[in-house]
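Trainee:
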Amino acid sequence: MNLYQYLKEYSKEIYPMHMPGHKRNFSIVGETPLKEIDVTEVEGTDDLHDPEGIILKSMEKTAELYGSYFCRYVVNGSTCGILSAIYAFTERGDRVLVARNCHKSVYNAINICGLLPVYVTPEYDDEFSINGSISPALVEKALNEYPDIKLCVLTSPTYEGVVSNISAISKILHEKNIPLAVDEAHGAHLGFSEYFPKSAIKSGADCVIHSTHKTLPCLTQTAAVHICKSLWEGEKLQEACQKLTEALGIFETSSPSYVLMSSIDQCMNYLSENSVKAFESYKNMLADFSEKAKDLKYIKILCKGNDRKENHKSFYDFDSGKLVISLKNTNLNGAEFEKILREKYKIQTEMTSLNYCVAMTSFCDSEKGFEMLFNALSHIDQEYGAENIFINENTMGGKIIEPPVSIYEAQKCQKEYVSLEEAEGKICGEYVFAYPPGIPIFAPGELITKELTEEIKSLYKAKINLKSSGGNIPEKILVLK
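Count along the sequence shown from 1, then add 7; that gives the number in the working numbering.
1) So A2 is in the alpha helix (DSSP H); what residue range does that whole segment cover?
2) Could you say which of K351, F322, L361 lies nearest to I332 if we only look at CA atoms?
3) Looking at C-alpha atoms only, which residue of S136, S140, G121 is the closest neighbour of E130?
4) Go ahead and label S163 buried or exposed: buried means 16 or more other beta carbons lie within 10 angstroms of its beta carbon, across all protein chains shown.
5) Are the segment 377 to 395 and the segment 329 to 346 touching, with three or more C-beta to C-beta distances below 8 Å?
6) With a cut-off of 8 Å on the beta carbons, I'd call S75 and H233 a contact; round off their distance for me.
7) Which class does T47 belong to by DSSP, given the choice of helix, strand or coil?
8) Going by DSSP in three states, T39 sits in which element: helix, strand or coil?
9) Taking buried to mean at least 16 other C-beta atoms within 10 Å of its own C-beta, is N108 buried or exposed?
10) If you draw a straight line from the C-alpha of D388 to the C-alpha of I306, how long is it?
11) Could you name the residues of the same chain whose beta carbon sits closer than 6 Å to that of C248, not counting the 5 residues immediately before and after it, in chain order?
12) According to the neighbour-count rule (16 or more other Cβ atoms, all chains shown, within 10 Å of its Cβ), is V283 buried or exposed?
13) Suppose you measure from the CA of I1 to the CA of K111; what does that come to, to the nearest Å?
14) How about L267 and T222: do their beta carbons lie closer than 8 Å?
15) Going by DSSP, which residues form a beta bridge with L473?
16) Determine contact between the segment 251 to 268 and the segment 120 to 127, defined as no fewer than three beta-carbon pairs at a distance below 8 Å.
17) Are the Cβ atoms of S475 and E437 separated by less than 8 Å?
18) Got a sec? Which residues, its chain only, sit under 6 Å from R349 by beta carbon, not counting five neighbours each side?
19) Use the C-beta contact count for Y11: other C-beta atoms within 10 angstroms, 16 or more gives buried, fewer gives exposed.
20) Can you give me the start and stop residues for the alpha helix (DSSP H) that L380 sits inside?
21) How would you label D213, buried or exposed, when you count the other beta carbons within 10 angstroms and need 16 or more for buried?
22) Can you give the Cα-Cα distance for I398 and E461, rounded to whole angstroms?
23) Taking the beta carbon of A294 as the centre, do at least 16 other beta carbons fall within 10 Å, making it buried, or is it exposed?
24) By how many angstroms is the C-alpha of F296 removed from the C-alpha of K346?
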């Protein structure tokens with residue numbers, strides 16, 4: 008069986024509680040006839056890297072739809088948007104303030120641009136074992152300790168749907184003339200309904216990166232980068248747009264897919280005419296699911312059922328479209344739960360961790376899909392439920408961390424492989440992360456602690472998908488000599 012055949016079979020058998028947001032439900036925005044529209048830059052089709060016609064008009068309509076000043080489509084995913092934004096708004100050697108739970112593309116940008124990172128760690132939610140929001144007070148403290156910071160990069164919402172107080176954080180940064188770039192890859196759907204949190208675009212961010220394919224009916228790899236009229240005005244605003252355009256010319260393919268650009272265009276046209284109806288239906292499906300979840304005895308769903316946002320003091324806000332399923336009161340770990348869902352109930356979730364899974368939803372989901380998931384959860388709750396099986400505590404939340412060595416310097420140093428036990432107290436020479444979501448457990452230049460090596464061992468034992476730059480985790484890890 009080749010790849011195409013496998014994908015066709017998968018689409019027949021499995022319900023996707025994962026990205027892309029179209030959920031294979033193309034009846035909503037219409038089918039994309041791939042072969043007929045796969046063209047190149049010819050008369051009338053415009054040019055993404057020098058837009059003057061139909062593509063420019065489409066991007067201007069998208070900016071108007073979201074309320075940004077400037078928008079550019081991206082066909083290399085939000086990874087390209089993040090690389091471009093950080094490259095555009097920093098100079099080599101600049102110090103940058105970065106949320107430690109950022110995607111690996113942020114760390115790659117830090118390396119490529121030769122930047123000096125200062126990390127702020129989010130608060131931690133012990134009940135669900137996930138990261139909470141970034142504290143505005145912690146950002147302010149970091150700026151006082153490191154007054155030479157030139158850019159701040161945050162992720163909001165997170166992979167699990169946790170939103171930070173972008174309004175408060177942007178205000179603190181702007182008082183010191185520091186721009187804020189927000190990786191809102193998981194929030195392209197925000198701003199269309201009051202049922203969901205406010206978008207970073209409307210909350211004071213200066214640059215916002217969207218993965219349109221994650222939560223909207225767009226094809227995989229589609230994304231958009233926005234410049235907002237917040238800190239920058241007049242000539243500085245025009246300069247910011249120009250710098251971003253130049254950076255995209257470096258990191259984005261010179262042969263952008265018209266199939267992908269058309270997918271964004273179709274989606275935005277749909278939203279401009281049907282967003283109220285689409286999100287009202289979506290809200291009702293989520294509310295109905297939440298009401299049913301009250302009957303679950305052991306399995307908990309974050310901010311659904313009997314769980315309330317008020318219970319999670321480390322959250323500023325939460326995206327109701329994310330279904331974070333806690334397995335702490337069951338006899339299952341995340342990998343075991345995911346396997347049962349797929350093999351027995353024909354549902355595939357987005358990601359799994361040690362004691363929770365994330366199911367991603369969108370307005371393209373069906374009532375049948377939500378019903379399938381709830382029925383599966385109900386059966387698993389009855390069969391595998393137990394009391395207080397797993398307790399996890401985390402001491403990393405709410406800290407400011409300056410790594411001993413920059414990522415750029417660490418990549419250039421001589422290195423050697425050692426065991427995890429031998430690595431404790433040494434400087435890491437590679438990336439180590441669980442994928443998805445692709446947030447580094449270790450990044451080059453960081454101190455390797457016993458707490459984190461134990462986390463790696465626990466994740467591996469639970470059959471969580473671990474990756475490292477050298478590919479030798481968990482047996483060996485690369486450290487600086």
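Cβ atoms here follow ideal geometry from the backbone N, Cα and C, with glycine treated the same way.
Mentor: Checking against the coordinates, here is how it stands:
1) Absent from the model: residue 2. The displayed extent of the chain is 8 to 488, so no value can be given.
2) L361
3) S140
4) buried
5) yes
6) 4 Å
7) coil
8) Note: T39 maps to coil in three-state DSSP.
9) buried
10) 6 Å
11) F77, I234
12) exposed
13) Shown here, the chain extends from 8 to 488; a query on residue 1 therefore has no answer.
14) Not a contact, by the Cβ cut-off of 8 Å.
15) Paired residues: A441.
16) no
17) yes
18) Q355
19) exposed
20) 374 to 391
21) buried
22) The predicted position of I398 is uncertain, since its pLDDT is 49 and thus under 50; no value can be drawn from it.
23) exposed
24) 22 Å
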